[in-house]
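Report on the structure given below.
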Amino acid sequence: MNGPPSPIVQIHSPADPRVSDYLHLKGADRRRPDPFGRGGGSPPPVIIEGHLALRRALKGPLELNSVLMTPARAESLGDLRALLDPGVPVLVADRDVLAELTGFDVHRGVLASAVRPTVIEPNQLLGANRRVAVLEGLTDLENVGAVFRVAAALGIGGVLLDDRCADPLYRRCVRVSLGWSTVLPHARVRHHDDLVTTLHEAGFTAVALTPSPRAVAVDRAADDGLLDEPVGLLVGSEGPGLEAETIAAADAAVSIPMSSGVDSLNAATSLAVVAAFAASRRGWS
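Residue numbers (my numbering): 5 to 289.
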């Protein structure tokens, strides 16, 4: 704990400038800020929804601007307020004010705004980690959030994304990840064709997760050392999966045996199965 809870500031109008970070949170401009800072302008803040995600985010590097709560949450979450740095204001507004401000019913009763961090380069991510998840064309916000939660649970040190993937720091991604997307580092390549090349340049084995019948079953892949570190586990978009060129460029293709009539799992589940096999061979560190 950092000391006594931060003081509460009452907010009575959505037009109050102190809550401008939370205005129209469902707007299209919030979903996909340019990750490379092209076009100028200040990037939007990171918005954290829910007290569980916020508790996790407080363990990471984000710098909070403010926290916004309903009166009930401000009263019941005094322990959370005590975790905040004293300079972080706790803004309190009725639920109807929050709905008008944000554009949706904030039924979890807790939001926070944080400074969007500087994007790290892929070589920085790969230089500091030996196990990474690699996402190609994964645009579904909840799937990206789920990948970060799986990665954290199974000892994957970071996530490498292509230029088409959803923003891991978008509100819904942060919520689904339970805040892990604000803690686990991520980086982007500037074009999806660069994913495998970037892994190879850093000395990583590129392993493509695919239901192709020509792929090696995950248990055999683990036994044969195909999942040994340093390794990047490549996962494709829902539906089409990884592009054929990506699978061809990878060092190995790995599949998950399934019941008859079922040909695939979603991205996060596929990653979880393969990462669990890899972790079981090396230990759960």
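Idealized CB from N, CA, C, for every residue including glycine. For clarity, every value in this text was computed on a predicted model and none was experimentally measured.
The beta strand (DSSP E) runs of length 3 or more contained entirely in the segment 140–171 are, from start to end of the chain, 162–165. In terms of Cα proximity to A132, the closest of I160, V258, A61 is I160. With at least 16 other beta carbons inside 10 angstroms of its own, T74 counts as buried.
No Cβ-Cβ contact shorter than 7 Å links V211 with T202. Runs of the beta strand (DSSP E) spanning 3 or more residues and lying entirely within the segment 14–69 occur at 50–53, in chain order.
Burial of R175 is indicated by the presence of at least 16 other C-beta atoms within 10 angstroms of its C-beta. Straight-line spacing of the CA atoms in G107 and P234 works out to 44 Å. Counting C-beta pairs closer than 8 Å gives three or more between the segment 230–246 and the segment 134–143, which meets the contact rule. As computed with DSSP, V71 is found in a beta bridge with V94, A116.
Contact between C177 and L142 does not hold, since their C-beta atoms are separated by about 11 Å, which reaches or exceeds 8 Å. Exclusion of the five residues before and after H28 leaves G107 as the residues of its chain whose Cβ lies within less than 6 Å of its Cβ. Of the candidates R179, V278, S264, L165, the residue whose Cα lies closest to the Cα of H195 is L165.
Here DSSP, grouped into helix, strand and coil, assigns I124 to strand. Within the same chain, and ignoring the five residues on either side of L58 in sequence, the residues whose Cβ sits closer than 8 Å to its Cβ are I52, V71, L84, V114, A116, G183.
By the C-beta criterion, the segment 218–226 is judged not to be in contact with the segment 93–102, since fewer than 3 inter-stretch pairs fall below 8 Å.
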